[in-house]
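Residue numbers (this note's numbering): 1 to 100.
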């Protein structure tokens, strides 16, 4: 009986990180800048889960593929882009402080 509990707990621990993966984590792990640093990418995703909506996460994840897009959003005159950029900056500051 104890063996089954240990095996079940190990299976949960092994699959939990996969279930928690999100758009930021996925984009981060694939990026050249992260160099496959899964723990760092996971940490950044945790901060994203606390600070950004799923929609904002998907948009922010696109910056890993196309950094120029971030510059376009930052320079945009659109109110929606400006509001997103403010949320993104808060997220980035928190991720930088938390995921050192």
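Here a beta-carbon is modelled for each residue, glycine too, at the ideal position from N, C-alpha and C.
Assigned exposure category for residue i - 16 Cβ within 10 Å defines buried
i	result
residue 57	buried
residue 88	buried
residue 45	buried
residue 67	exposed
residue 23	buried
residue 86	exposed
Three-state secondary structure assigned by DSSP to residue i
i	result
residue 42	helix
residue 100	coil
Reference residue i; option with closest CA among the options
i	options	result
residue 91	82, 60, 34	60
residue 98	27, 51, 21, 77	51
Beta-carbon gap between residue i and residue j smaller than 8 Å
i	j	result
residue 25	residue 42	yes
Range covered by the alpha helix (DSSP H) that runs through residue i
i	result
residue 70	67 to 75
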